[in-house]
Amino acid sequence: MITMAEIARLTHVSQPTVSRVLNGNPKVSPEIRERVLACAREHDYQLNALAKGLKGSPTHLLGVLVTDISNGFFADLTKQIEICARERGYSIILFNSDYNPANEQEYLDVVRRYRVDGVLAVPIRETSAEWYNYVQRLDVPVVTITRRAEGLDCFYVDHPTAGAQVAACLAEQGYRRFLFIGKDYDGKYVGFRQWLAEHGFGDAVTNRVLGDHDAFRRELEHWLAESDSRAAVFAGNDIYALQTLDILRELQIRVPEQVGVMGFDDTFMGQFLNPRLSTVHQPTAQMAREAVTFLLDCIEHPGDHPPLLRSFPAELILREST
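To get this note's numbering, take the position in the sequence shown, counting from 1, and add 45.
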């Protein structure tokens, strides 16, 4: 394989300049960068990032850990992270925990072995001591994105506040029974439930954890049969909302006349459903850009600082399903 010294000779630039280009340093003229990269591509040069990391040099790699890459929101978030990282000369390694704590810990171990320069993570249980303690053992900067984790730098939408906004909106629209689809510790449900309890609907709200389609259909059908009051379903993400709409269609229940459905994340598919999905929008691109910029500043200018908590506002997008 061709070496940096040979690339320098072929492109008539210094070896340190070749190194800067191949390591993603932006402080090289576009003409020289393209000449060096073209030569590297022609001779199939591959940078050994792992070996660089073991020698203590920056790898210009970021670990990105998400909970469910099949969810369009996390796919879009990852895309925005990758775009911002590439602009600064960094690449990403993506890990998908699938909401499995064992997977999460295993991938953080892999992150350590690859000697990435920093980590952007969507934790499964951001409030757990296990998550905080494990992250503290990593020897690189870690930024939590989309969720707030105490003691860490976080870029997030305030889920309890967003949940309360959804509750207020649905109550104002005349719904009197409420079902949240997701975990009972989800911040969205915490805020949703608290607002309803404070406004006299405490006995009218419950939650279900989404299992397989048939089991969820039976649970939803049973819940709807308990009362004739106008009901609303707040889904923890747009995927859950899509499944809810499908079951309501099977049961021949009119949306939103009999049951309203509100999603979360404002993924693109919600705009094209019938009925179009009401949901909660998160500023994905802005959140990703600010999180990546902050993480890279921590990498390139290390030093102690108090944990940064950067909260972004959620926006209710009302469409036909409510």
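Glycine included, every Cβ here is placed at the ideal spot set by N, Cα and C. Keep in mind the model is a prediction, meaning the values are calculated, not measured.
*Backbone secondary structure at Asp291 - three-state DSSP*: Looking at Asp291 - three-state DSSP - the assignment turns out to be helix.
*asked:* Classify Ser356: buried if its beta carbon has 16 or more other beta carbons within 10 angstroms, exposed otherwise.
replied: It counts as exposed.
*How do the stretch 287-302 and the stretch 117-129 stand: do at least 3 beta-carbon pairs fall below 8 Å, yes or no?*
No, the stretch 287-302 does not touch the stretch 117-129.
_Pairwise C-alpha distance: Leu224 and Leu269_ = Straight-line Cα distance between these residues: approximately 10 Å.
*Going straight from the alpha carbon of Val188 to that of Ala260, what length do you get?*
Straight-line Cα distance between these residues: approximately 37 Å.
*Can the beta-carbon of Met307 be found closer than 8 Å to that of Ala280?*
Yes; because the gap between Cβ atoms is below 8 Å, this pair is in contact.
*Reducing DSSP to helix, strand and coil, say where His105 ends up.*
Three-state DSSP puts His105 in coil, outside helix and strand.
_Just to confirm my understanding: we take Tyr90, look at its own chain, exclude 5 residues before and 5 after, and list those with CB closer than 6 Å. What are they?_
So the list reads Ile47, once near-sequence residues are dropped.
*Per DSSP, what kind of secondary structure is Arg275 in: helix, strand or coil?*
Residue state, collapsed to three classes: coil.
_In chain order, what are the residue ranges of uninterrupted alpha helix (DSSP H) at least 4 long that sit wholly in the stretch 206-276?_
List check, alpha helix (DSSP H) in window: 232-243 and 258-270.
*Can you have a look at His105 and say buried or exposed, based on whether 16 or more other CB atoms are within 10 angstroms of its CB?*
Counting the other Cβ atoms within 10 Å of the Cβ of His105 gives 16 or more, which makes it buried.
*Where does His88 sit, in a helix, a strand or coil, going by DSSP?*
Taken through DSSP and simplified to helix, strand or coil, His88 comes out as coil.
*Within 10 angstroms of the Cβ of Arg222, are there 16 or more other Cβ atoms? Answer buried if so, exposed if not.*
Under this definition Arg222 is a buried residue.
_Nearest-angstrom Cα separation, counted from Leu318 out to Pro146_ = Going from the Cα of Pro146 to the Cα of Leu318 covers about 33 Å.
*asked:* Here's a check: name, in chain order, each residue in its chain whose Cβ is nearer than 7 Å to the Cβ of Leu29, leaving out the five neighbours to either side.
replied: Only positions 46 to 367 of the chain appear in the structure, and residue 29 is not among them; the question remains open.
*Report back the beta-carbon spacing between His204 and Lys233 to the nearest angstrom; my notes put them in contact at under 8 Å.*
That belief holds up - the Cβ atoms of His204 and Lys233 are roughly 5 Å apart, short of 8 Å.
*According to DSSP, is Arg133 helix, strand or coil?*
DSSP places Arg133 in coil when its eight states are reduced to three.
*Report yes if the C-beta distance between Ile138 and Gly163 is below 8 Å; otherwise report no.*
In terms of Cβ geometry, Ile138 and Gly163 do not form a close pair [threshold 8 Å].
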